[in-house]
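Undergrad:
Protein chains: 2
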Amino acid sequence: MQGTVGELGEFGLIRELTARLPHNPSVALGPGDDAAVVKAPDGRVVATTDVLLEGRHFRRDWSTAYDVGRKSAAQNLADIAAMGAVPTALLLGLVVPADLPATWATELMDGLRDECQVAGAGVAGGDVVRGDTVMLAITALGDLQGRTPVTRAGARPGDLVAVTGWLGWSAAGYTVLSRGFRSPRAFVEAHRRPEPPYHAGPAAARLGATAMIDVSDGLIADLGHVATASGVDIDLRAADFDVPAQMADIGQAVGVDPLVWVLSGGEDHAIVATFPPETPLPARWRVVGEVSAARPGRGGAVTVDGAPWDRAGGWDHFAG
Amino acid sequence: MQGTVGELGEFGLIRELTARLPHNPSVALGPGDDAAVVKAPDGRVVATTDVLLEGRHFRRDWSTAYDVGRKSAAQNLADIAAMGAVPTALLLGLVVPADLPATWATELMDGLRDECQVAGAGVAGGDVVRGDTVMLAITALGDLQGRTPVTRAGARPGDLVAVTGWLGWSAAGYTVLSRGFRSPRAFVEAHRRPEPPYHAGPAAARLGATAMIDVSDGLIADLGHVATASGVDIDLRAADFDVPAQMADIGQAVGVDPLVWVLSGGEDHAIVATFPPETPLPARWRVVGEVSAARPGRGGAVTVDGAPWDRAGGWDHFAG
Numbered sequence: 001m002q003g004t005v006g007e008l009g010e011f012g013l014i015r016e017l018t019a020r021l022p023h024n025p026s027v028a029l030g031p032g033d034d035a036a037v038v039k040a041p042d043g044r045v046v047a048t049t050d051v052l053l054e055g056r057h058f059r060r061d062w063s064t065a066y067d068v069g070r071k072s073a074a075q076n077l078a079d080i081a082a083m084g085a086v087p088t089a090l091l092l093g094l095v096v097p098a099d100l101p102a103t104w105a106t107e108l109m110d111g112l113r114d115e116c117q118v119a120g121a122g123v124a125g126g127d128v129v130r131g132d133t134v135m136l137a138i139t140a141l142g143d144l145q146g147r148t149p150v151t152r153a154g155a156r157p158g159d160l161v162a163v164t165g166w167l168g169w170s171a172a173g174y175t176v177l178s179r180g181f182r183s184p185r186a187f188v189e190a191h192r193r194p195e196p197p198y199h200a201g202p203a204a205a206r207l208g209a210t211a212m213i214d215v216s217d218g219l220i221a222d223l224g225h226v227a228t229a230s231g232v233d234i235d236l237r238a239a240d241f242d243v244p245a246q247m248a249d250i251g252q253a254v255g256v257d258p259l260v261w262v263l264s265g266g267e268d269h270a271i272v273a274t275f276p277p278e279t280p281l282p283a284r285w286r287v288v289g290e291v292s293a294a295r296p297g298r299g300g301a302v303t304v305d306g307a308p309w310d311r312a313g314g315w316d317h318f319a320g
Numbered sequence: 001m002q003g004t005v006g007e008l009g010e011f012g013l014i015r016e017l018t019a020r021l022p023h024n025p026s027v028a029l030g031p032g033d034d035a036a037v038v039k040a041p042d043g044r045v046v047a048t049t050d051v052l053l054e055g056r057h058f059r060r061d062w063s064t065a066y067d068v069g070r071k072s073a074a075q076n077l078a079d080i081a082a083m084g085a086v087p088t089a090l091l092l093g094l095v096v097p098a099d100l101p102a103t104w105a106t107e108l109m110d111g112l113r114d115e116c117q118v119a120g121a122g123v124a125g126g127d128v129v130r131g132d133t134v135m136l137a138i139t140a141l142g143d144l145q146g147r148t149p150v151t152r153a154g155a156r157p158g159d160l161v162a163v164t165g166w167l168g169w170s171a172a173g174y175t176v177l178s179r180g181f182r183s184p185r186a187f188v189e190a191h192r193r194p195e196p197p198y199h200a201g202p203a204a205a206r207l208g209a210t211a212m213i214d215v216s217d218g219l220i221a222d223l224g225h226v227a228t229a230s231g232v233d234i235d236l237r238a239a240d241f242d243v244p245a246q247m248a249d250i251g252q253a254v255g256v257d258p259l260v261w262v263l264s265g266g267e268d269h270a271i272v273a274t275f276p277p278e279t280p281l282p283a284r285w286r287v288v289g290e291v292s293a294a295r296p297g298r299g300g301a302v303t304v305d306g307a308p309w310d311r312a313g314g315w316d317h318f319a320g
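Chains D and P, in that order, are what the protein sequence lines are. Position 51, counted from 1, in the first sequence is what the UniProt record's numbering calls 51; the numbers after and before it change by one each time, with no gaps. Position 226, counted from 1, in the second sequence is what the UniProt record's numbering calls 226; the numbers after and before it change by one each time, with no gaps.
See the structure below:
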């Protein structure tokens with residue numbers, strides 16, 4: 001396909017994008033009507049929306065359209081998994097400049113579609129609008145399969161804190177890219193295309209997780225939401241984190257303690273949850289801390305080895 | 001409240017916005033977690049997404065934040081109704097410049113909330129991001145209550161075409177505003193704040209509507225989608241439309257045939273549906289045309305009094 005999205009026109013672009021979407025059993029009625037119809041066998045639907053802006057959340061010179069699609073979908077589908085639900089469908093609101101190559105839009109859709117397939121969901125519908133810069137608004141839907149949603153508010157004193165997925169990889173990759181390098185490849189790839197452990201969310205819910213959250217803004221920041229919502233304190237043990245040798249090497253090369261990436265780096269979409277202490281956790285979960293009763297006037301504190309963590313915190317999208 | 005959204009910060013703004021939201025029985029878990037949980041008693045959920053950009057879909061100097069909120073919600077909730085479903089919930093992706101007055105954002109949310117209440121839905125969650133201009137990405141969800149969704153594809157030769165709601169009012173109001181006037185008030189109000197006949201969508205489905213669509217891009221353009229998807233032709237009778245005297249007066253004053261507004265004007269969010277000819281239609285539906293078998297090589301044609309309609313057509317968002 002040649003040309004720009006402007007040359008293709010609104011309806012031509014929508015045709016190109018929807019033609020790439022395979023049938024998914026969760027989507028009873030796909031794109032092309034006033035609205036889609038998505039199955040919700042549980043009698044409830046889990047729903048989340050995120051907005052991603054070019055220049056702020058992704059860069060066209062750092063990531064391919066395909067990777068932007070994978071990552072944007074992953075970010076939303078991980079939020080569904082972190083409620084203990086199975087992703088079912090995704091809707092896309094897309095803003096594109098008229099001079100955007102049409103292939104950029106179709107490769108974006110390929111990425112969204114493929115990430116949805118990893119998570120078991122289908123692309124159900126969307127909207128395309130012309131604007132000055134690329135913007136994606138993604139809504140993901142999911143099915144709790146009869147389970148109680150695992151919120152941020154259920155952590156209890158004595159619970160263990162456990163993580164699964166990759167922590168600090170995206171931040172290490174971002175550091176590498178921002179200094180003009182393109183390797184080590186594993187970290188650059190992790191930044192461009194996170195791999196959330198989708199299966200782990202529903203599995204944690206079945207194991208009796210008391211609270212759960214997707215690690216999007218950094219582990220300390222996101223556990224802060226859990227601690228605040230649950231009215232507890234959380235202490236992490238630095239020695240219990242896995243810092244891969246190659247990450248330590250990058251840290252040494254750029255003068256950054258890799259624990260900063262692990263504890264404060266965002267966008268890995270690992271999942272962190274709290275469990276009653278007797279819970280038998282599968283091998284891919286790593287226990288990294290413990291929940292305690294809130295100290296008077298200090299509820300919601302997240303400490304590392306008993307002390308406040310004062311290095312770079314999570315993202316505030318308004319502060320940048 | 002004083003100050004800008006930048007001064008309030010991401011989490012401060014989210015607190016202000018969510019504090020304005022009343023409980024809604026369709027929303028089992030509202031804003032504040034990784035995702036919301038919305039009831040879907042039917043075992044399916046109807047879902048639609050629209051993106052609205054400042055300067056393209058609304059102007060801050062023409063509309064208050066409250067009216068932008070009402071209108072943006074209405075546009076999405078009407079899509080749910082046009083499937084024959086009852087709206088249950090809405091999610092908001094919001095992009096705001098740091099220097100936007102915080103009251104603009106809270107008044108926008110008041111408008112979204114109030115329009116949702118008119119339609120019976122709740123605001124379930126969202127995302128807030130800083131950007132250069134105001135952008136809204138709205139996802140609406142709905143419940144089919146056991147009914148088959150009414151798509152664009154079911155119109156059959158011999159069916160009647162009927163409309164309910166307001167046709168041409170928003171376009172007439174836009175013409176008035178674009179010439180620097182602020183009256184007649186009813187048309188200006190209709191442009192700023194459409195009133196979709198939400199109840200009419202599910203009611204039409206119960207009456208046996210064979211196809212249905214929300215009139216967002218203009219009646220002829222939207223019926224064109226029905227005709228194409230259904231593989232039929234549609235003929236409208238100009239004399240059967242209701243052109244209010246005041247609309248005729250505006251038309252005369254500005255030199256526009258008001259039928260152009262009625263047949264081609266968008267954004268009223270009237271509902272048009274096709275029904276088997278024997279269907280007893282309630283008083284608020286007006287029969288305006290008929291479905292016929294597609295002429296060879298001409299399927300999908302919408303004519304007026306048997307002739308092609310060659311005056312201003314619907315919106316193509318890429319053409320402007």
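Backbone N, C-alpha and C fix where the C-beta goes; we use that ideal spot for every residue, glycine too.
My parser needs the beta strand (DSSP E) runs of 3 or more residues fully inside the stretch 38 to 122 of chain P; what are they?
TA: Listed in chain order, the complete beta strand (DSSP E) runs (minimum 3 residues) inside the stretch 38 to 122 of chain P are 44 to 53 and 86 to 96.
Undergrad: So what's residue 175/P in DSSP terms, helix, strand or just coil?
TA: Mapped onto the second sequence, residue 175/P falls at position 175. Looking at residue 175/P - three-state DSSP - the assignment turns out to be helix.
Undergrad: Does residue 320/P pass the burial test, meaning 16 or more other C-beta atoms within 10 Å, or should it be called exposed?
TA: By 1-based counting over the second sequence, the position of residue 320/P is 320. Confidence at residue 320/P is low in this model, with a pLDDT of 38, below 50, so the placement of that residue is unreliable and no value is reported for it.
Undergrad: I want to see whether chain D comes within less than 8 Å of residue 137/P, judged by CB atoms only; does it?
TA: The residue you call residue 137/P lines up with position 137 of the second sequence. True, the Cβ-Cβ gap to chain D drops below 8 Å.
Undergrad: Which residues does DSSP list as the beta-bridge partners of residue 135/P?
TA: For the purposes of this step, residue 135/P is taken as the residue at position 135 of the second sequence. Note: residue 135/P sits in a beta bridge opposite 53/P and 95/P.
Undergrad: Could you round the C-beta distance between residue 151/D and residue 17/P to whole angstroms and report it? I think they count as a contact, below 8 Å.
TA: Residue numbering aside, residue 151/D sits at position 151 when the first sequence is read from its first letter. Residue numbering aside, residue 17/P sits at position 17 when the second sequence is read from its first letter. Actually they are not in contact, since the Cβ atoms of residue 151/D and residue 17/P sit about 19 Å apart, beyond 8 Å.
Undergrad: Which chain P residues are close to residue 91/D, counting only those with a beta carbon under 9 Å from its beta carbon?
TA: Residue numbering aside, residue 91/D sits at position 91 when the first sequence is read from its first letter. Neighbours of residue 91/D on chain P, chain order: 47, 48, 49 and 139.
Undergrad: Against chain P, does residue 17/D count as a neighbour if the rule is that its beta carbon must be under 8 Å from one of theirs?
TA: For the purposes of this step, residue 17/D is taken as residue 17 along the first sequence, with counting starting at 1. Output row for residue 17/D: interface = no.
Undergrad: Pick from 85/P, 100/P and 69/P: whose alpha carbon is nearest that of residue 8/P?
TA: As a working mapping, residue 8/P is identified with position 8 in the second sequence. Comparing Cα positions, the closest option is 100/P.
Undergrad: Nearest chain P C-beta to residue 193/D closer than 8 Å, yes or no?
TA: Within the first sequence, numbered from 1, the residue matching residue 193/D stands at position 193. Taking Cβ atoms only, chain P never reaches closer than 8 Å to residue 193/D, which makes this a no.
Undergrad: Near residue 207/D, which residues of its chain fall below 6 Å by C-beta distance, leaving aside the five closest residues on each side in sequence?
TA: Position 207 of the first sequence holds residue 207/D. Answer for residue 207/D: 279, listed in chain order.
Undergrad: I'd like to know if residue 59/D contacts chain P, where contact means its C-beta is closer than 8 Å to some C-beta of that chain.
TA: The sequence position of residue 59/D within the first sequence is 59, counting from 1. Output row for residue 59/D: interface = no.
Undergrad: Given that residue 234/D touches chain P, what residues does it touch there, using C-beta distances under 7 Å?
TA: For the purposes of this step, residue 234/D is taken as residue 234 along the first sequence, with counting starting at 1. Chain P residues near residue 234/D: none, gap ~17 Å exceeds 7 Å.
Undergrad: Which runs of the beta strand (DSSP E) fall wholly inside the stretch 204 to 273 of chain P and span at least 3 residues, in chain order?
TA: You should have 211 to 215 and 232 to 236.
Undergrad: From residue 245/P to residue 304/P, what distance separates their C-alpha atoms?
TA: Looking up residue 245/P in the second sequence gives position 245. Looking up residue 304/P in the second sequence gives position 304. The alpha-carbon atoms of residue 245/P and residue 304/P are separated by roughly 21 Å.
Undergrad: Contact between the stretch 180 to 193 of chain D and the stretch 225 to 243 of chain D is defined here as three or more beta-carbon pairs at a separation below 8 Å; is this criterion met?
TA: These segments do not touch.
Undergrad: With distances taken Cα to Cα, identify the nearest neighbour of residue 158/D among 307/D, 10/D, 310/D and 291/D.
TA: As a working mapping, residue 158/D is identified with position 158 in the first sequence. Of the candidates 307/D, 10/D, 310/D and 291/D, the one whose C-alpha sits nearest the C-alpha of residue 158/D is 291/D.
Undergrad: Is residue 184/P close to chain D, meaning its C-beta is less than 8 Å from at least one C-beta of that chain?
TA: By one-based count along the second sequence, residue 184/P stands at place 184. So no, residue 184/P is outside the interface.
Undergrad: If you run the structure through DSSP and keep just helix, strand and coil, what is residue 146/D?
TA: The count along the first sequence starts at 1 and reaches residue 146/D at position 146. Looking at residue 146/D - three-state DSSP - the assignment turns out to be coil, as it is neither helix nor strand.
Undergrad: Rounded to a whole number of angstroms, what is the C-alpha to C-alpha distance between residue 259/P and residue 168/P?
TA: Along the second sequence, read from residue 1 onward, the residue named residue 259/P stands at position 259. Along the second sequence, read from residue 1 onward, the residue named residue 168/P stands at position 168. Residue 259/P and residue 168/P: Cα-Cα distance of roughly 8 Å.
Undergrad: So with Cβ pairs under 8 Å, would you call residue 303/P a contact of chain D?
TA: For the purposes of this step, residue 303/P is identified with residue 303 of the second sequence, where counting begins at 1. It does not; no Cβ of chain D falls within 8 Å.
Undergrad: Using only alpha-carbon positions, find the residue among 262/P, 196/P, 204/P and 277/P that is nearest to residue 219/P.
TA: If you number the second sequence from 1, residue 219/P lands on position 219. Among 262/P, 196/P, 204/P and 277/P, the Cα nearest to that of residue 219/P belongs to 262/P.
Undergrad: If we define contact as Cβ-Cβ less than 8 Å, is residue 126/D a contact residue for chain P?
TA: Against the first sequence, residue 126/D aligns to sequence position 126. With 8 Å as the cut-off, residue 126/D counts as an interface residue toward chain P.
Undergrad: Keeping to the same chain, check which residues put their C-beta closer than 8 Å to that of residue 3/D; ignore five residues upstream and five downstream.
TA: The residue you call residue 3/D lines up with position 3 of the first sequence. Closer than 8 Å at Cβ, skipping near neighbours: 101 and 102.
Undergrad: Contact between the stretch 111 to 125 of chain P and the stretch 62 to 78 of chain P: three or more CB pairs below 8 Å?
TA: The answer is yes - the stretch 62 to 78 of chain P touches the stretch 111 to 125 of chain P, with three or more Cβ pairs under 8 Å.
Undergrad: Would residue 64/P and residue 10/P be called neighbours here (beta carbons separated by less than 8 Å)?
TA: For the purposes of this step, residue 64/P is identified with residue 64 of the second sequence, where counting begins at 1. For the purposes of this step, residue 10/P is identified with residue 10 of the second sequence, where counting begins at 1. The answer is no: Cβ separation not under 8 Å.
Undergrad: So who's on the other strand from residue 126/P, going by DSSP bridges?
TA: Within the second sequence, the letter at position 126 stands for residue 126/P. DSSP lists 92/P as partners of residue 126/P.
Undergrad: Give me, in chain order, the residues of the same chain whose beta-carbon lies closer than 7 Å to that of residue 88/D; leave out the 5 immediate sequence neighbours on both sides.
TA: Stepping through the first sequence from its first residue, residue 88/D is reached at position 88. Excluding residues within five positions, the ones whose Cβ falls inside 7 Å are 26, 38, 39, 121, 141, 142 and 143.
Undergrad: Between residue 167/P and chain D, is any beta-carbon pair separated by less than 8 Å?
TA: Here residue 167/P refers to the residue found at position 167 of the second sequence. Chain D contact via Cβ: absent.
Undergrad: Looking at the C-beta of residue 80/D, does it have a partner C-beta in chain P at a distance below 8 Å?
TA: Counting from one through the first sequence, the residue named residue 80/D turns up at place 80. By this cut-off, residue 80/D is an interface position.
Undergrad: Is residue 309/D close to chain P? Criterion is C-beta to C-beta, closer than 8 Å.
TA: Taking the first sequence and counting its residues from 1, the one referred to as residue 309/D is at position 309. Taking Cβ atoms only, chain P never reaches closer than 8 Å to residue 309/D, which makes this a no.
Undergrad: Any residues in the stretch 255 to 268 of chain D with a beta carbon nearer than 9 Å to a beta carbon of chain P? Which ones, in chain order?
TA: Listed in sequence order: no entries.
Undergrad: If residue 164/D and residue 270/D are in contact, beta carbons under 8 Å, what's the gap, nearest whole angstrom?
TA: The residue labelled residue 164/D in the question sits at position 164 within the first sequence. The residue labelled residue 270/D in the question sits at position 270 within the first sequence. The pair is a contact, with the Cβ atoms about 7 Å apart (cut-off 8 Å).
Undergrad: Report the residue from 190/P, 213/P and 276/P whose alpha carbon sits nearest the alpha carbon of residue 156/P.
TA: Looking up residue 156/P in the second sequence gives position 156. When only C-alpha atoms are compared, the closest one is 276/P.
Undergrad: Could you confirm whether any beta carbon from chain P is found closer than 8 Å to the beta carbon of residue 29/D?
TA: Within the first sequence, numbered from 1, the residue matching residue 29/D stands at position 29. At least one chain P Cβ lies under 8 Å of residue 29/D.
Undergrad: From residue 129/D to residue 136/D, what distance separates their C-alpha atoms?
TA: Here residue 129/D is taken as the residue at index 129 of the first sequence, counted from 1. Here residue 136/D is taken as the residue at index 136 of the first sequence, counted from 1. Cα-Cα distance, rounded: 10 Å.
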